[in-house]
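A.B. asks: Numbering (our numbering), first residue to last: -8 to 247.
Backbone N, C-alpha and C fix where the C-beta goes; we use that ideal spot for every residue, glycine too.
Predicted model, so just to flag it, every value in this text is computed and none were measured.
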Amino acid sequence: MATLHSGTLPSHPGHAAQHLPLAEPLRWLARGFRDFRRAPALGIAYGLMVAVMGWLVFALGNHPYFIAAAVSGFLLLGPIVGAGLIEASRAMEAGDRPTFDTSLRALSRNRSALEHFAITLLAIAAVWLLVSTWLLTATMGPVAPAVEQTLWDNTLQMMSSGQWFAWAVMGGVLAVLSFAISVIAVPLMLDRHLSAGDAMRGSLHAVARHPVASAAWALLIVVLTAIGIATALLGLVVIYPVLGHASWHAYRALRD
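Dropping the structure here:
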């Protein structure tokens, strides 16, 4: 099993002794867009997959339990689907021409590590689902909401400010944790063949070493994803593959 040490993760030239600047994520995004333009059909295929996943989330959005489960599944599958885009950018950097088939092969390379990583994300998503269920029960009593009950009009309006705060804090903590362990975990598993545990520790180390650039990257992801959602998810058809490609360049800069 691969282990995390200086020999496995060599220092990135020029970044070993200093923090990356605040504007660095914009460079990753520009390079991600460049990769998208080099293989637009590939990127759009992945973007459509994510958009369809999102449409399914909203289709189930009329019931609190279903929406929590659907969002959890979306958060689980998103980073794993992005492995194909990361592999495509890795291939382009090596001078190869990626195809949809070759990008999918990334899922079979170091498959065990990717599966363990997916299980970790699933566990985090399950915690979020349990918290949401607990808050719904605390708000409405032991009787589960009827399937036809509207999420916004009925359930969430019954939550107190304290329950809203607890829900938001827990969601924020889990979101930060998910980002920190995953920001470069998939590229580490694909490029360095690390185990899931070593890749997640490497990702945490990168975030701790470059907190400003990591925070800016997280904010950029949130803003762009929000734009994609605001366009009835159509924007994600382009935004998601650009972010997926950019994740490879984030890895190249953040790794130590």
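1. When DSSP labels each residue in this structure, what does Ala241 get in the three-state scheme?
2. Grab me the residues of Arg100's own chain with a C-beta within less than 7 Å of its C-beta, minus the 5 sequence neighbours each way, in chain order.
3. So, is Glu139 buried or exposed, given that buried needs 16 or more other C-beta atoms within 10 angstroms?
4. Check the C-beta distance from Ile77 over to Pro178 and give it rounded, since I have them as a contact under 8 Å.
5. So what does DSSP say about Arg88, is it helix, strand or coil?
6. Taking the alpha helix (DSSP H) that Gly305 belongs to, which residues open and close that run?
7. Give every residue of the same chain whose Cβ lies closer than 6 Å to the Cβ of Ala97, excluding the five residues on either side of it in the sequence, and list them in chain order.
8. Could you check where the alpha helix (DSSP H) with Val174 kicks off and where it finishes?
9. Go ahead and label Asp26 buried or exposed: buried means 16 or more other beta carbons lie within 10 angstroms of its beta carbon, across all protein chains shown.
10. According to DSSP, is Glu139 part of a helix, a strand, or is it coil?
11. Assuming His184 and Leu245 make a contact with CB atoms under 8 Å, what is their CB distance in whole Å?
12. Does DSSP classify Ser94 as helix, strand or coil?
13. When the Cα atoms are used, what is the spatial distance from Ala171 to Gly188?
14. Tell me which same chain residues have a C-beta within less than 7 Å of the C-beta of Met40, skipping the five on either side of it?
15. Between Leu20, Phe24, Leu112 and Leu47, which has its C-alpha nearest Leu224's C-alpha?
16. DSSP on Leu185, reduced to helix/strand/coil?
17. For the alpha helix (DSSP H) containing Ala204, list its first residue and its last residue.
18. According to DSSP, is Asp144 part of a helix, a strand, or is it coil?
19. Quick check on Glu106: buried or exposed, where buried means 16 or more other Cβ atoms within 10 Å of its Cβ?
20. Classify Ile212: buried if its beta carbon has 16 or more other beta carbons within 10 angstroms, exposed otherwise.
21. Is any non-hydrogen atom of the ligand ATP found closer than 7 Å to the C-beta of Ala209, if you look at the structure I gave you?
22. Quick check: Ala197 and Val174, are their CB atoms within less than 8 Å of each other?
23. Report the residue from Leu11, Gly193, Gly45 and Pro31 whose alpha carbon sits nearest the alpha carbon of Ala217.
C.D. replies: Considering the structure as presented:
1. Looking at Ala241 - three-state DSSP - the assignment turns out to be helix.
2. Leu181
3. With a pLDDT of only 44 at Glu139, under 50, the local geometry of the prediction cannot be trusted, and the value read off the model is given with reservation. Exposed, by the Cβ-count rule.
4. 5 Å
5. coil
6. The structure shown has nothing for residue 305, since the chain only spans -8 to 247.
7. Ala74, Gly75, Glu78 and Leu181
8. First-last for Val174: undefined, no H or E at that position.
9. buried
10. At Glu139, the pLDDT of 44 sits below 50, so the modelled position is not reliable; the number obtained from the coordinates is stated separately. Correct three-state label for Glu139: coil.
11. About 18 Å separates the two Cβ atoms, so there is no contact after all.
12. helix
13. Taking the straight line joining both Cα atoms gives about 13 Å.
14. Val72
15. Leu47
16. coil
17. Pro202 to Ala221
18. Its pLDDT being 48, under 50, Asp144 is placed unreliably in this model, and the value from its coordinates should be taken loosely. Here Asp144 carries a helix assignment [DSSP, helix/strand/coil].
19. exposed
20. The residue is buried, with at least 16 neighbouring Cβ atoms inside 10 Å.
21. This structure lacks the ligand ATP, and indeed carries no ligand of any kind.
22. It is a contact, given that the beta carbons lie within the stated cut-off.
23. Gly45
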